[in-house]
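Q: Numbering (the working numbering), first residue to last: 8 to 166. Can you keep this structure in mind? I'll have questions shortly.
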Amino acid sequence: MQVKSRHHLRSDEIDEIEDHVAAQLDVAVDGDAYELVEFEDSDDELVLVDGEPAVLYVDEEPFLTVRGANEYPPENRVVTVDAGAVSFVSDGADVMRPGIVKADADIGSGDLVAIAEESHGKVLAIGRAKTDGDDMVGDSGKVVESIHHVGDDLYEFTA
Numbered sequence: 008m009q010v011k012s013r014h015h016l017r018s019d020e021i022d023e024i025e026d027h028v029a030a031q032l033d034v035a036v037d038g039d040a041y042e043l044v045e046f047e048d049s050d051d052e053l054v055l056v057d058g059e060p061a062v063l064y065v066d067e068e069p070f071l072t073v074r075g076a077n078e079y080p081p082e083n084r085v086v087t088v089d090a091g092a093v094s095f096v097s098d099g100a101d102v103m104r105p106g107i108v109k110a111d112a113d114i115g116s117g118d119l120v121a122i123a124e125e126s127h128g129k130v131l132a133i134g135r136a137k138t139d140g141d142d143m144v145g146d147s148g149k150v151v152e153s154i155h156h157v158g159d160d161l162y163e164f165t166a
């Protein structure tokens, strides 16, 4: 990924990111240096927190990246998948109902979510819910659209 621009964020921009992530995920992102990175070949905007890619803007909404969610584990908006779904989710597949073991009830259709694996709680992907959290566990159907996952270009990005 070719970097188009990179600049430090103002304190009000940092406050907006921290407040939004705290309200959505009940987690405190905390760092000394925040930089916004824009890319040549993508509309993605990434926020580096102390040099690490921690926040991604998805449709102008700040949300933790996979690496950010593993650094600052979210308390809300988490969808947990079983071991059978791990390889598919890690490769960027959308999440299907049969692979889900639990989902936060406060997830609404259209919300950004963190997708974690069951045994260690590690976040594998970030996605957009296609249904409410209390309707995610079941027998069939796609319920989370994958946006960013372990091993993709954003995950591999280094400052």
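A virtual CB, placed ideally from N, CA and C, is assigned to each residue, including glycine.
With H, G and I counted as helix, E and B as strand and the rest as coil, what does DSSP make of residue 114?
A: Position 107 of the sequence shown holds residue 114. In this structure, residue 114 counts as coil in the three-state DSSP scheme.
Q: Once you ignore the five residues that flank residue 47 on each side, which residues in its own chain have a CB closer than 6 Å to its CB?
A: In the sequence shown, the residue the question calls residue 47 occupies position 40. The residues are 9 and 11.
Q: Would you decide whether residue 153 is buried or exposed? Buried here means 16 or more other CB atoms lie within 10 Å of its CB.
A: Indexing the sequence shown from 1 puts residue 153 at position 146. With 16 or more Cβ atoms within 10 Å of its Cβ, residue 153 is classed as buried.
Q: To the nearest angstrom, how far is it from the Cα of residue 170 to the Cα of residue 139?
A: Because residue 170 is not part of the residues shown, which for the chain are 8 to 166, the question remains open.
Q: Do residue 132 and the ligand HEM come close, with the Cβ less than 7 Å from some heavy atom?
A: Ligands are entirely absent from the displayed structure, and the ligand HEM is therefore not among its contents.
Q: Counting along the chain, where does the beta strand (DSSP E) carrying residue 153 start and finish?
A: Indexing the sequence shown from 1 puts residue 153 at position 146. Residue 153 -> beta strand (DSSP E) spans 149-156.
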